[in-house]
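**Q** Going by this note's numbering, the letters in the sequence shown line up with residues 555 to 1122, in that order.
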Amino acid sequence: MSKKAKLLTTRKEFLSGAAAVGAAPFVRTWGADGGKPLWKAGLMTDTHVHKTMESCSRVRAACELFARHEVDLVVNCGDIADLYYPTGFQSLRKVYSESFRDKKPEEVWVYANHDRLRRKEPWQEVMKDVRRLLGIPHEPYASIDFKGYPLIVFPQWIDYGRAKVMLDEACAKYPGKPVFVFDHIPPQATTDSSITWGSSERRKFYSKYPRAVVFTGHAHGSLRSELNIWQGAFTTVSLGCLSSWGGHAVGGAPRSKPSHDVALMEAYADRLVVRRFDVRDGREYTDAPVWTIPLPFNPATAPYRRDRTVRAEPVPQFAAGAKLSVVPKGTPCEKLEISFPKAEGPHGVYIYRLEIEDDKGCKLARQDEFGQFWLPSHERQPMLTYSLSSGYFDAGRTYRIVVTPVNCFGVGGRPISAEVKAVRSDGALLWESADPMKECRFMAGLSGGKPVPVKDGWYQMSGGNHRMEMPPEVWKGKAGTRFRFIVDLEMEQPGTRTWTIVLRNPDPLKNANARIATPRGKSGKQRYVIEFAKQGDDFRYYLLIREGEAGRLRINYARLERLPDKMQ
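(1) Mark D1119 as exposed unless 16 or more other C-beta atoms lie within 10 angstroms of its C-beta, in which case mark it buried.
(2) So, for P691: in the same chain, excluding its five sequence neighbours on each side, which residues have a beta-carbon less than 7 Å away from its beta-carbon?
(3) CA-CA distance, P1007 and Y940?
(4) Applying the 10 Å Cβ sphere with the 16-neighbour rule, what's the burial state of H932?
(5) Can you look up V932 in the DSSP assignment and give me helix, strand or coil?
(6) By the 10 Å Cβ neighbour count, where 16 or more other Cβ atoms means buried, how is R830 classified, buried or exposed?
(7) Which residues bound the alpha helix (DSSP H) around L619?
(8) Are P900 and D861 touching if we call contact CB-CB under 9 Å?
(9) Is the distance from the Cβ of F708 to the Cβ of V664 below 9 Å?
(10) Would you call M937 buried or exposed, if buried means 16 or more other Cβ atoms sit within 10 Å of its Cβ?
(11) Measure from the alpha carbon of W751 to the alpha carbon of each residue in H774, V735 and T1072, then state which is nearest.
(12) According to DSSP, what are the bridge partners of E891?
(13) Would you give the residue range spanned by the alpha helix (DSSP H) that Q678 belongs to?
(14) DSSP state of V707, grouped into three classes?
(15) Would you tell me roughly how many angstroms separate the C-alpha atoms of F924 and D1042, rounded to the nearest one?
(16) May I have the straight-line CA-CA distance separating D913 from R951, to the nearest angstrom?
(17) Note the first and the last residue of the continuous alpha helix (DSSP H) segment covering W751.
(18) Is it true that the stretch 863 to 873 meets the stretch 891 to 908, where meeting means three or more beta-carbon pairs spaced less than 8 Å apart?
(19) Who pairs with L1063 in a beta bridge, going by DSSP?
(20) Could you check whether the stretch 755 to 772 touches the stretch 734 to 745, counting it as contact only if at least three pairs of C-beta atoms, one from each stretch, sit closer than 8 Å?
(21) Below 8 Å on the Cβ atoms is my contact criterion, and I expect Q1080 with R920 to pass it. Report the Cβ-Cβ distance as a whole number of Å.
(22) Quick one, are the C-beta atoms of L627 and K657 less than 9 Å apart?
(23) If you count every other CB in all the chains shown that lies within 10 Å of the CB of N852, and 16 or more means buried, which is it?
(24) Between which two residues does the beta strand (DSSP E) holding Y760 run?
(25) Based on Cα-Cα distance, which residue from E1103, G966 and K1009 lies nearest to S1016?
(26) Using 8 Å as the threshold, is the stretch 809 to 819 in touch with the stretch 755 to 764, meaning 3 or more CB pairs across them?
(27) What are the start and end residues of the alpha helix (DSSP H) that includes Q531?
(28) In this structure, how does DSSP classify G1078 when only helix, strand and coil are distinguished?
(29) When you compare only the Cα positions, how much space is there between D989 and A803?
(30) So, helix, strand or coil for S556, using DSSP?
(31) CA-CA distance, M720 and G794?
(32) Excluding the 5 residues flanking V649 on each side, which residues of the same chain have their C-beta closer than 7 Å to its C-beta?
(33) Note down the Cα distance separating Y839 from G715, rounded to an integer number of angstroms.
(34) Quick check on DSSP: helix, strand or coil for R693?
(35) What are the boundary residues of the beta strand (DSSP E) that includes E791?
(36) Across which residues does DSSP place D815 in a beta bridge pair?
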């Protein structure tokens, strides 16, 4: 059988299978103008496989998708495994071998931190074993000539002197061509979540190379977000993840969400085309635009400059007449359930901003909840329900709940709102401070350290780690005891990176909650509520305000409550 016949048979079999499960055929003519690309690459990142072959199922689906499209190159941008799992690496090699039977694409692998976890040796030594187990064809640093284009590979632990030599050589050897860079850590303040998870050093470094097209991972966003392509002094694309993601949302700790995202890139002489796919059914994301990057790069006309993408991004809106329902749950009240019909927009809703106002219209709290943008259109629910802890409210007072649909660039549509009178909460008071800045120690660092300086009634925050210590006896109780911690904070954060909030037990180091993000600028007084079950009998938590940049902070109020045991 000829190669062409084999391809047609495989395509026919796939389309028959897709029809059987109700999936739309996804194979299309390559190139918007009908021309064939010079080469094609399958791109994925943060696969986080475990010990077993079963944990490689999403990677297998990705590789089979790439094989159907006959890609010439397959890239994994790091955190290949969740930890150093030899059997996981061996399983991945088998997946690659079985998926690309007829035509073996070239491979690029980025060496990253999760792939060495559990090993104590220097990363260079561990990665020798990773390379052997995976059969990786190149070193952690690699310069590859691929079909007349330069591919540059950096490990997470980048040596900028060495990287400069590699990029300088590539720019000189390939004049006028894009220089493809595969890295793990994103340049800071470029793509989704890179403000927190990105590197300012990388941003500065890549800004010297306007022809660089940098593909990254690490930040674990959804590839459906238009935040994941950025152009400024150079071009960068975040590949999301092929595992799970949480994201950063002001006022709350987002739940983990599954991701099945990969990308296919087509390289033409005058453009790069990036398409996004769901590996579960092989469908291209038709509700998300194709990213087309013109070549050569011109920063003045680059289509994915933030000023242009912000203007172009649709703003989601609630339908006329949409109503908000607010219902207290539990007696005494455990939470308020907030229900409303989904807002509409071509790219879905990135965030629903839930705000609490008092009877005078003052904003008391904000809790951002991710919308359904990350789901295929047919999986998005018509009605949504979120919850606000009763810890936000004082019994007997009237509040207004305001919900605003927001796009990925923070632009909101028209809000809807409803009033509610708060009822008695289910929390039993354990400790309360009306003036924590006088009654609690607020120290720099994770332990020891000096008191954070106060000026004009504000803590002078330097960025890094700062902790408020509460009386240790308030945390009495066995593992599993449920607590609610309430704190009113006022912040002034002029920088790009903002502080995050957790409750932390120092030894063993364990956080009670996922990171809660805080807003930029002047927040006014805002309430934060953390509910959790104690993880150890002897755990004693402090409030950790960390990361971010220099700014000012007031701690106006704090309270700890004991919550009823969960019914079995």
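Cβ atoms here follow ideal geometry from the backbone N, Cα and C, with glycine treated the same way.
**A** So, from the listed chains and residues:
(1) exposed
(2) E661
(3) 39 Å
(4) exposed
(5) The question names Val, but residue 932 is His in the sequence shown. DSSP places H932 in helix when its eight states are reduced to three.
(6) buried
(7) S611 to R622
(8) Not a contact, by the Cβ cut-off of 9 Å.
(9) yes
(10) exposed
(11) Nearest of H774, V735 and T1072 to W751, Cα basis: H774.
(12) V881 and S941
(13) W677 to L688
(14) V707 carries a strand assignment under DSSP once its states are collapsed to helix, strand and coil.
(15) If I take the Cα positions, the gap works out to 23 Å.
(16) 8 Å
(17) S748 to W751
(18) They touch, by the three-pair rule.
(19) P1060
(20) Taking 8 Å as the limit for Cβ pairs, the verdict is that the stretch 734 to 745 does touch the stretch 755 to 772.
(21) Contact between Q1080 and R920 is confirmed by a C-beta separation of about 6 Å, below the 8 Å threshold.
(22) no
(23) exposed
(24) First-last for Y760: S754 to Y760, but that is the alpha helix (DSSP H), not the beta strand (DSSP E).
(25) E1103
(26) With contact defined as three or more Cβ pairs closer than 8 Å, the stretch 809 to 819 and the stretch 755 to 764 are not in contact.
(27) With the chain running from 555 to 1122 in the structure shown, residue 531 is simply not present.
(28) strand
(29) 27 Å
(30) Residue confidence for S556 is low, a pLDDT of 33 falling below 50, so the modelled location carries little weight; the figure read from the coordinates is stated next. Note: S556 maps to coil in three-state DSSP.
(31) 26 Å
(32) For V649, where only same-chain residues beyond five positions count, the Cβ hits under 7 Å are C610, V613, R614 and C617.
(33) 39 Å
(34) The sequence given here places Glu at residue 693; Arg does not occur at that position. In the structure shown, E693 sits in coil (DSSP, three-state: anything other than H, G, I, E or B).
(35) The residue asked about is misnamed: residue 791 is Val in this sequence, not Glu. Run containing V791: T789 to S792, per the beta strand (DSSP E) assignment.
(36) D832
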